[in-house]
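>
In the working numbering, the protein residues as written are 22 to 197.
1) Suppose only complete runs of 3+ residues qualify. What are the beta strand (DSSP E) ranges in the region 85–121, listed by chain order?
2) Could you name the residues that DSSP lists as bridge partners for residue 28?
3) In the DSSP assignment, what are the bridge partners of residue 61?
4) Can you have a look at residue 190 and say buried or exposed, based on whether 16 or more other CB atoms are within 10 angstroms of its CB?
5) Please confirm if residue 118 has its CB atom under 9 Å from at least one CB of chain D.
6) Identify whether residue 178 lies in helix, strand or coil by the three-state DSSP scheme.
7) Can you tell me the Cα-Cα spacing of residue 126 and residue 132, whole angstroms?
8) Would DSSP call residue 49 helix, strand or coil?
9) Assuming contact is defined by CB atoms lying nearer than 9 Å, are residue 90 and residue 139 in contact in what I supplied?
10) For the beta strand (DSSP E) containing residue 35, list its first residue and its last residue.
11) Quick one: what's got a C-beta closer than 6 Å to residue 113's C-beta in the same chain, skipping five residues either side?
12) Could you pull out every residue in the same chain whose Cβ sits closer than 6 Å to the Cβ of residue 96, ignoring the five residues on either side in sequence?
13) Give me the Cα-Cα distance between residue 23 and residue 167, rounded to the nearest whole angstrom.
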């Protein structure tokens with residue numbers, strides 16, 4: 022660990038904003054709208070109402086799907102909205118970049134650690150109180166920006182490769 026990095030508890034550098042209500046005039050995010058392992062949103066930003074209570078979120082939050090955490094459904098939304106109560110809106114403190122927190126949640130090590138906190142056999146859910154007690158390596162903001170830039174570039178490359186592979190499969194005569 023570099024000397025200017027700090028070890029904090031996750032709960033010291035972010036908070037869960039569980040503002041519950043009915044929000045008919047905002048876009049809705051359900052677990053089905055977050056692609057596993059990619060932080061990709063595949064839903065609509067049109068306002069949508071649901072029958073049950075939901076959590077409100079903003080562009081300041083990271084959305085973390087706590088149901089079946091091995092599916093690794095994490096999103097940094099670029100819009101304000103509301104989400105299923107199986108998704109926790111997590112707001113980073115000023116010392117933590119939202120994108121850095123997103124990539125932290127996407128990492129295999131963190132997914133495995135969160136899976137170890139699960140309760141429930143049929144519908145396992147992350148124990149978010151335990152997750153808040155996880156040690157969190159906090160680099161300075163400039164280092165977080167550098168790391169995020171590297172990961173952004175890597176994820177963009179993966180998305181491009183995936184799109185190219187899918188396009189090539191559609192052109193392949195053996196699949197027509």
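Ideal Cβ positions, reconstructed from N, Cα and C, are used throughout, including at glycine. Only a predicted model underlies this, so the values are computations on that prediction, with no experimental measurement involved.
Walking through what the data contain:
1) Runs found: 102–104, 108–113.
2) Bridge partners of residue 28 according to DSSP: 158.
3) Bridge partners of residue 61: 56.
4) Its Cβ having fewer than 16 others within 10 Å, residue 190 is exposed.
5) This model lacks chain D altogether; it includes just one protein chain.
6) The answer is helix: DSSP assigns residue 178 an H, G or I state.
7) The alpha-carbon atoms of residue 126 and residue 132 are separated by roughly 7 Å.
8) Per DSSP, reduced to three states, the secondary structure at residue 49 is strand.
9) Contact: yes.
10) Note, residue 35: beta strand (DSSP E), 35–37.
11) Counting only Cβ-Cβ distances below 6 Å, and skipping sequence neighbours, we find 35, 119, 122.
12) Excluding residues up to 5 positions away in sequence, 55, 60, 62, 84 lie with their Cβ nearer than 6 Å to the Cβ of residue 96 in the same chain.
13) The straight-line gap from Cα to Cα measures roughly 14 Å.
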